[in-house]
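Worksheet: one structure, shown below.
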Amino acid sequence: MKNSLINQSFVNARKENRPALLTYSVAGDNTKKRSLEILKSLSEYADICELGFPHNTPIADGGQIQTSAYRAIKNGIKINDVFSIVSNFKKIKKNKPIILMGYYNMVYQYNENKFISKCKKAKVDGLIIVDLPYPENKVFAAKCKKNNINFIQLISPTTSKLRLKKIVSDSHDMIYYISMLSTTGGKLKVSAKEIIKQYQKIKNQNKSKNVVIGFGITEKTIKSLKKADGLVVGSAICKEITRSIKKRQNTVTNVINLVKKLKNKIK
Amino acid sequence: MKIKKNIPLIDQHDKFGFWGGKFGGNFIPETLKKPIEDLTDKFEKLRKDQNFLKKRDFYFKNYIGSPTSFTKLENLSDHLNGAQIWAKVVSEANGGAHKIYNATVHALICRAMGKKYIIGDTGAGYAGKMLSMAAKKFGLKCKIFMGAKDIKRQKPNCDAMKKNGAEIVPVYSGSQTLVDAVSECMRYWVSNCDNTHMCVGSTVGPNIFVKICGWSTAQISKELKTQIKQKFKKIPKKLKLINCVGGGSSAYGFWSEFIDYDKNHIELIGVEAGGPKKSLLHAAPLSRNAKIGILHGAASYVCQNNEGQIHETESISAGLDYPGVSPIHCFLKDTKRAKYTYATDEEALSAYQLVTKFEKLNPSLEPSHAFAEAIKIAPKLSKDTIIVVNSCGDAKKDRDILIERLGGNL
Numbered sequence: 001m002k003n004s005l006i007n008q009s010f011v012n013a014r015k016e017n018r019p020a021l022l023t024y025s026v027a028g029d030n031t032k033k034r035s036l037e038i039l040k041s042l043s044e045y046a047d048i049c050e051l052g053f054p055h056n057t058p059i060a061d062g063g064q065i066q067t068s069a070y071r072a073i074k075n076g077i078k079i080n081d082v083f084s085i086v087s088n089f090k091k092i093k094k095n096k097p098i099i100l101m102g103y104y105n106m107v108y109q110y111n112e113n114k115f116i117s118k119c120k121k122a123k124v125d126g127l128i129i130v131d132l133p134y135p136e137n138k139v140f141a142a143k144c145k146k147n148n149i150n151f152i153q154l155i156s157p158t159t160s161k162l163r164l165k166k167i168v169s170d171s172h173d174m175i176y177y178i179s180m181l182s183t184t185g186g187k188l189k190v191s192a193k194e195i196i197k198q199y200q201k202i203k204n205q206n207k208s209k210n211v212v213i214g215f216g217i218t219e220k221t222i223k224s225l226k227k228a229d230g231l232v233v234g235s236a237i238c239k240e241i242t243r244s245i246k247k248r249q250n251t252v253t254n255v256i257n258l259v260k261k262l263k264n265k266i267k
Numbered sequence: 268m269k270i271k272k273n274i275p276l277i278d279q280h281d282k283f284g285f286w287g288g289k290f291g292g293n294f295i296p297e298t299l300k301k302p303i304e305d306l307t308d309k310f311e312k313l314r315k316d317q318n319f320l321k322k323r324d325f326y327f328k329n330y331i332g333s334p335t336s337f338t339k340l341e342n343l344s345d346h347l348n349g350a351q352i353w354a355k356v357v358s359e360a361n362g363g364a365h366k367i368y369n370a371t372v373h374a375l376i377c378r379a380m381g382k383k384y385i386i387g388d389t390g391a392g393y394a395g396k397m398l399s400m401a402a403k404k405f406g407l408k409c410k411i412f413m414g415a416k417d418i419k420r421q422k423p424n425c426d427a428m429k430k431n432g433a434e435i436v437p438v439y440s441g442s443q444t445l446v447d448a449v450s451e452c453m454r455y456w457v458s459n460c461d462n463t464h465m466c467v468g469s470t471v472g473p474n475i476f477v478k479i480c481g482w483s484t485a486q487i488s489k490e491l492k493t494q495i496k497q498k499f500k501k502i503p504k505k506l507k508l509i510n511c512v513g514g515g516s517s518a519y520g521f522w523s524e525f526i527d528y529d530k531n532h533i534e535l536i537g538v539e540a541g542g543p544k545k546s547l548l549h550a551a552p553l554s555r556n557a558k559i560g561i562l563h564g565a566a567s568y569v570c571q572n573n574e575g576q577i578h579e580t581e582s583i584s585a586g587l588d589y590p591g592v593s594p595i596h597c598f599l600k601d602t603k604r605a606k607y608t609y610a611t612d613e614e615a616l617s618a619y620q621l622v623t624k625f626e627k628l629n630p631s632l633e634p635s636h637a638f639a640e641a642i643k644i645a646p647k648l649s650k651d652t653i654i655v656v657n658s659c660g661d662a663k664k665d666r667d668i669l670i671e672r673l674g675g676n677l
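Taken in order, these protein sequences are the chains called L and V.
The opening residue of the first sequence carries number 1 in this note's numbering; numbering runs sequentially from there.
The opening residue of the second sequence carries number 268 in this note's numbering; numbering runs sequentially from there.
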C-alpha cells in the first residue's frame, strides 16, 4: 500500500523534519454532530486522525477514554453513525487519513466482511482492533489489505523478539508501539530513552515501516519522543473534552488549542 | 461439533484456544500475549509435576477440607414425593464455597512463578474472599476488584476480605457489578503484568484461565464419583446433576467426570439466573438464546445488543449476575451434552425457603437457582431417579438480601 494516505502523511511529516501527529477522539463524544466538529478541528493540526468506535466493556482503556466512550454510547452512537461521521469528514478532507479504532466484538456483530466494505465505502484508511492480536488477526488483516485498508499491528514492551519479527513482517504501512505496560491514559512510567530504545528495535527490523508511539503522550511528554515517526495523543484529548463539558466551555475551541500546543512542541 | 471421550473437556480446544472451533480463544491486547503465554507454559508444566500435584492434593485435603459431604435430602425428597434429591455440600469447603479450589491453585501457581502480587475479580464476593484467604495463607499481597453495587449487597464477604488483609478496589463504571469488576481487573493486569499474577474467578476469560479454573474445580466431581459409587455401589441408572451457572466454574467442576457418559444415563442440567420475574433483564445467555460475542477475552454466548454492546444484567444472586458464560458451557450446549434452563429471583427465593424448611442446609442464592429446578422436576420423576444438586455456596453472605426479601419468613 505504498501510495496510501497513511504512508503519505509520514512522508510529508518527515519532509518537515518532525514526527507525524496522530490524534484520537471518540465518535459520538459527546454528540454525533459535535464529534464531527471536533474531528474536523483536530485534522487542522493532526497528520492522521484516529476515531474510536466506543464499546462499553473496553479491557485496555483507562478512565479518560472510558468516560468519553460511555458518554458517546449514552448519547446514542451506533456503528453506522461512526461510518457516516467518517464519510462526512472525508467529503471535506479527502486527503486526511482516518483510522478507526475499537474492539473486536463490534466488528464481529456487524460481520467482518460487511464492516470492511462499509469502511471502504466511507474511505476509512486504517483499522486498529485492540483485542485482535497477532496471529489471530492474520485472516482479518489480509482481508483489510485486499481492500486497501491498513490493518495496524500493535507491539508492546512485553512482545518477545521472535514475535516482534513476525509482527513486523506481517504489518502494513504503520505499526503502533505501546510505550509501557498500561491502559490508555496512564502516566508515563518509563523513561523516554528506554521507549526510544524499544522503538528502535522495531525500526531496525524494517526501516520502511512507519512506527508510531502511543500511551502516556501528553503536552509534557511529547517533546521527549520526537524521534519517532509518529506520536499518538488520545486520553489527553478525551480529558480536555470532559473538562470543557464540565466547565461549560466550548469543546471544539479547547481541543483546537490543545492540539496546537502539542504540534508546536514537536515542530 | 463433537465432544471427544477420555480427554478432559478443558483440553479439547484447537491451537487458537477455541472449543468447538468457535468458543473461547484469546481476544486480548498485545501486552497480555506474553504473560498469558508464560502462564500457559507454566501451567502445562505444573500439571505434570508430581511435586506440584502432591502440594495441591495436600492443600485440597488439609486446607480446603476435601472431600465435602454427599448426602440425601430425605425430608425434601419425601415432601416432593418423586425423584430422590441428594446434595453435594461443597459449601462445607473452607470459606464456604467452591471458589476456594480455583483460588488455592492460583495462589500456588503465583508462588511457583515467583510473583508476589495476586489480583482477582469477584461478584458474590466468594471468589474474592477465597483469593484473599489463599493469598494470606501463601504470603501474597492481594487486590480484589468488585463492583460498587456488589460491595453493598455482599457485605459479609467484603468484611472477610478485609480481615484477610486484601485491598478491595471498588469499580464504579458501567453496571457496577461483576462484568465491570472483571474488566477493571484485566485493565489492572495490563498495567502490572510484570510482577502481578491474575486469577480469573470463574471458567471465563482468555483460554488459559478457563483451563486453570476448570482443572481446579474438577476436584468436586472426582469426589462425587467416588461418593456415588460408595452409596449406590455403582452409578445409578437415572442420574441428573443440577448446578447453577453464572460463569460456570462450579458446574464444570461438578460435571467434568461425568461428561463421557450418555446423556440419557447422566443428565447435566445447568440453571442460569432468570432475573426478577417481570424484568426484561436477566443473566441467562445460554437458556435465553443470546448471540455469540466477545467478552473479557473469549467468545461465548453473551447478553448484548445488535451492535455488540454488552447488556446490563439483573439477578438477585451476585454470583450469577454476569452477561457472559464459560466457553466450555457453550460447547456443552451446542453439542447438546448439557441442558440449560433458568430460574427467576422469585423461584430461587422460594426454593431457598423450601430447602431450609426441610433440611439442615443453608444454600446461598446461587445454588438456590439449582434447587429451584430440582424442586420443579422431582415430583414428575420416578423414585429411582437420583437428582444431585451442587450446593456450592453458603447463604451467610446473603443474610441482608434474605432478610429484606423474606423478612420474618426466613
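All C-beta atoms in this analysis are idealised placements derived from N, C-alpha and C, irrespective of residue type, glycine included.
Since the structure is predicted, the reported quantities are computational estimates derived from the model, not experimental observations.
Using a Cβ distance threshold of 8 Å, determine whether the region 243 to 250 of chain L contacts the region 259 to 267 of chain L, with at least three qualifying pairs required.
no
In whole angstroms, what separates the C-alpha of F115/L from that of V107/L?
For the purposes of this step, residue 115/L is taken as residue 115 along the first sequence, with counting starting at 1. For the purposes of this step, residue 107/L is taken as residue 107 along the first sequence, with counting starting at 1. So the two alpha carbons sit approximately 6 Å from each other.
Taking the alpha helix (DSSP H) that H464/V falls in, what are its first and last residues?
Translated into the one-based positions of the second sequence, residue 464/V becomes position 197. Segment 463 to 466 is the beta strand (DSSP E) holding H464/V; no alpha helix (DSSP H) there.
Exposure label - P646/V; buried when at least 16 CB within 10 Å:
As a position in the second sequence, residue 646/V is number 379, starting the count at 1. Result: exposed.
So what does DSSP say about D305/V, is it helix, strand or coil?
For this step, residue 305/V is matched to residue 38 along the second sequence. Here D305/V sits in helix by DSSP.
Residue range of the unbroken alpha helix (DSSP H) whose run includes C377/V
Here the question's residue 377/V lines up with position 110 in the second sequence. Element bounds for C377/V: 366 to 379.
What is the residue span of the alpha helix (DSSP H) that V457/V lies within?
By one-based count along the second sequence, residue 457/V stands at place 190. 445 to 459 is the extent of the alpha helix (DSSP H) around V457/V.
So with Cβ pairs under 8 Å, would you call M101/L a contact of chain V?
Here residue 101/L is taken as the residue at index 101 of the first sequence, counted from 1. It does not; no Cβ of chain V falls within 8 Å.
Quick one: Cα of G76/L to Cα of N56/L, how far?
On the first sequence, residue 76/L is found 76 positions in, with the first residue counted as 1. On the first sequence, residue 56/L is found 56 positions in, with the first residue counted as 1. Rounded to the nearest angstrom, the two C-alpha atoms are 12 Å apart.
When DSSP labels each residue in this structure, what does G76/L get in the three-state scheme?
Within the first sequence, residue 76/L is the residue found at index 76, counting from 1. Correct three-state label for G76/L: coil.
Taking any Cβ of chain V, which residues in the region 114 to 144 of chain L have a Cβ under 8 Å from it, in chain order?
For the region 114 to 144 of chain L, the set of positions with a beta-carbon nearer than 8 Å to some beta-carbon of chain V reads V130, D131, L132, P133, Y134, E136 in chain order.
Quick one: which chain V residues come within Cβ less than 7 Å of Y104/L?
Residue mapping note: residue 104/L aligns to position 104 of the first sequence, counting from 1. The contacting residues are F294, I561.
Does N588/V pass the burial test, meaning 16 or more other C-beta atoms within 10 Å, or should it be called exposed?
Sequence index remark: in the second sequence, residue 588/V carries index 321 (1-based). Looking at the sequence provided, one finds Asp at residue 588/V rather than Asn. Buried, since its Cβ has 16 or more Cβ neighbours within 10 Å.
Which listed residue (P58/L, D173/L, A72/L) has its alpha carbon closest to that of F10/L:
Your numbering for residue 10/L matches position 10 in the first sequence. For the residues P58/L, D173/L, A72/L, the minimum Cα distance to F10/L belongs to D173/L.
Does the region 335 to 343 of chain V come close enough to the region 357 to 365 of chain V that 3 or more CB-CB pairs lie under 8 Å?
yes
List the DSSP bridge partners of S567/V.
Reading the second sequence from its first residue, position 300 is the one you call residue 567/V. According to DSSP, which records beta bridges pairwise, S567/V is partnered with G560/V.
Rounded to whole angstroms, how far is the Cβ of H532/V from the Cβ of L548/V, which I believe are closer than 8 Å?
In the second sequence, residue 532/V corresponds to position 265, counting from 1. In the second sequence, residue 548/V corresponds to position 281, counting from 1. H532/V to L548/V, Cβ: 36 Å. No contact.
Relative to the C-alpha of G441/V, which residue among I266/L, L22/L, A69/L is closest?
Taking the first residue of the second sequence as 1, we reach residue 441/V at position 174. The residue with the shortest Cα to Cα distance from G441/V is A69/L.
Could you check the C-alpha separation between E311/V and K301/V for me, to the nearest Å?
Along the second sequence, one-based indexing puts residue 311/V at 44. Along the second sequence, one-based indexing puts residue 301/V at 34. Distance between the alpha carbons of E311/V and K301/V is about 15 Å.
Since G286/L and S235/L should fall inside the 8 Å C-beta cutoff, what is the C-beta to C-beta distance between them, to a whole number of angstroms?
With chain L represented from 1 up to 267, any question about residue 286/L goes unanswered, as that position is not in the structure.
Output yes if chain V places a C-beta closer than 8 Å to the C-beta of S160/L; else output no.
Numbered from 1 along the first sequence, position 160 holds the residue referred to as residue 160/L. Yes, S160/L lies at the interface with chain V (some Cβ there is under 8 Å from its Cβ).
Whether A427/V touches K403/V by CB criterion (8 Å):
By one-based count along the second sequence, residue 427/V stands at place 160. By one-based count along the second sequence, residue 403/V stands at place 136. Result no, Cβ atoms of A427/V and K403/V do not sit closer than 8 Å.
Is the CB-CB distance between D125/L and N105/L below 8 Å?
Translated into positions along the first sequence, residue 125/L becomes position 125. Translated into positions along the first sequence, residue 105/L becomes position 105. Going by C-beta atoms, D125/L is not nearer than 8 Å to N105/L.
Could you name the residues that DSSP lists as bridge partners for N210/L?
For this step, residue 210/L is matched to residue 210 along the first sequence. N210/L is bridged to M174/L.
Whole runs of the beta strand (DSSP E) within the region 80 to 151 of chain L, excluding any shorter than 3 residues:
98 to 102, 126 to 129
Closer than 8 Å, Cβ to any Cβ of chain V: which residues of the region 183 to 209 of chain L, in chain order?
T183, G186
Does DSSP put I38/L in a helix, a strand or coil?
The count along the first sequence starts at 1 and reaches residue 38/L at position 38. Here I38/L sits in helix by DSSP.
Whole-angstrom distance between S179/L and G515/V, CA atom to CA atom
For this step, residue 515/V is matched to residue 248 along the second sequence. For this step, residue 179/L is matched to residue 179 along the first sequence. Roughly 36 Å separates the two Cα atoms.
Contact criterion: CB-CB distance below 8 Å. Does I577/V meet it with respect to chain L?
On the second sequence, residue 577/V is found 310 positions in, with the first residue counted as 1. Chain L contact via Cβ: present.
How big is the Cα-Cα spacing for I385/V and K355/V?
Here residue 385/V is taken as the residue at index 118 of the second sequence, counted from 1. Here residue 355/V is taken as the residue at index 88 of the second sequence, counted from 1. It is roughly 30 Å from the alpha-carbon of I385/V to the alpha-carbon of K355/V.
Per-residue contacts from N459/V into chain C (C-beta, under 8 Å):
Absence of chain C from the displayed structure is noted, the protein chains being L and V.
Looking only at DSSP bridge pairs, what is G537/V linked to?
Numbered from 1 along the second sequence, position 270 holds the residue referred to as residue 537/V. According to DSSP, G537/V bridges with N510/V, Y607/V.
Quick check: the Cα distance between L188/L and K410/V, rounded to an integer number of angstroms?
Here residue 188/L refers to the residue found at position 188 when the first sequence is read from its first residue. Here residue 410/V refers to the residue found at position 143 when the second sequence is read from its first residue. Their backbone Cα atoms lie some 23 Å apart in a straight line.
Taking 8 Å as the CB-CB limit, is K78/L close to chain V?
The count along the first sequence starts at 1 and reaches residue 78/L at position 78. For K78/L, the nearest CB of chain V lies under 8 Å from its own CB, placing it at the interface with that chain.
With a threshold of 8 Å between beta carbons, is E574/V in contact with chain L?
Counting from one through the second sequence, the residue named residue 574/V turns up at place 307. Answer yes: the Cβ-Cβ gap between E574/V and chain L drops below 8 Å somewhere.
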